[in-house]
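Trainee:
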Amino acid sequence: MVTASARHILVDSEAQCLALKSEIESGNDFAKVAEAHSNCPSKSQGGALGSFGKGQMVKEFEDVVFTAPVNTVQGPVKTQFGFHLIEVTARND
Numbered sequence: 017m018v019t020a021s022a023r024h025i026l027v028d029s030e031a032q033c034l035a036l037k038s039e040i041e042s043g044n045d046f047a048k049v050a051e052a053h054s055n056c057p058s059k060s061q062g063g064a065l066g067s068f069g070k071g072q073m074v075k076e077f078e079d080v081v082f083t084a085p086v087n088t089v090q091g092p093v094k095t096q097f098g099f100h101l102i103e104v105t106a107r108n109d
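Sequence positions in the sequence shown follow this note's numbering and run 17 to 109.
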C-alpha cells in the first residue's frame with residue numbers, strides 16, 4: 017500500500033495562504049509558520065499529520081499528497097476545511 021507523510025497549514029483565505037507560502041519560500045521555517053498561523057490542531061506539531069494511506073484524507077488534499085514532489089510546498093489547495101499549504105515529507109511509491 018502506498019503511504020505518505022505530510023505537513024500542512026490550514027487557513028481561511030487564499031490570500032493568507034499565498035502570503036504564508038511567500039514567507040516559507042523566503043526562508044521562514046514551515047513548522048514555525050504552521051505553529052503561528054494554522055487553524056488545524058496539527059499546528060502544535062508544526063503541521064505534521066504523520067503517515068497515512070490513500071482514502072484517509074479529503075480528495076483535493078490526497079490528490080496533491082500522492083502526486084507532488086517530496087519536500088516542495090504546494091498550494092493553495094482548497095478543501096471543505098479551507099485553504100492548505102501542503103508539504104509531502106515522505107512517500108513510498
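The beta-carbon is built from N, C-alpha and C at its ideal position, and this holds for glycine as well.
Between which residues of its own chain and K59 is the CB-CB distance below 6 Å, once the five residues before and five after are set aside?
Mentor: As a position in the sequence shown, residue 59 is number 43, starting the count at 1. Same-chain partners within the cutoff: A50, E51.
Trainee: For the stretch 34–99, list the alpha helix (DSSP H) runs that are entirely contained and at least 4 residues long, ordered along the chain.
Mentor: You should have 46–53, 75–81.
Trainee: Which term fits M73, buried or exposed, when burial requires 16 or more other beta carbons within 10 angstroms of its beta carbon?
Mentor: On the sequence shown, position 57 is the one that residue 73 refers to. Buried is the call here.
Trainee: Going by C-alpha distance, which of V80, A64, G63 is nearest G71?
Mentor: If you number the sequence shown from 1, residue 71 lands on position 55. Distances from the alpha-carbon of G71 to those of V80, A64, G63 put V80 closest.
Trainee: In whole angstroms, give me the CA-to-CA distance for Q96 and A20.
Mentor: Locating residue 96 in the sequence shown gives position 80, counting from the first residue. Locating residue 20 in the sequence shown gives position 4, counting from the first residue. If you take the alpha carbons of Q96 and A20, they lie about 21 Å apart.
Trainee: Got a sec? Which residues, its chain only, sit under 8 Å from V89 by beta carbon, not counting five neighbours each side?
Mentor: As a position in the sequence shown, residue 89 is number 73, starting the count at 1. Cβ within range, chain order: K37, I40, E41, F46, L101, I102, E103.
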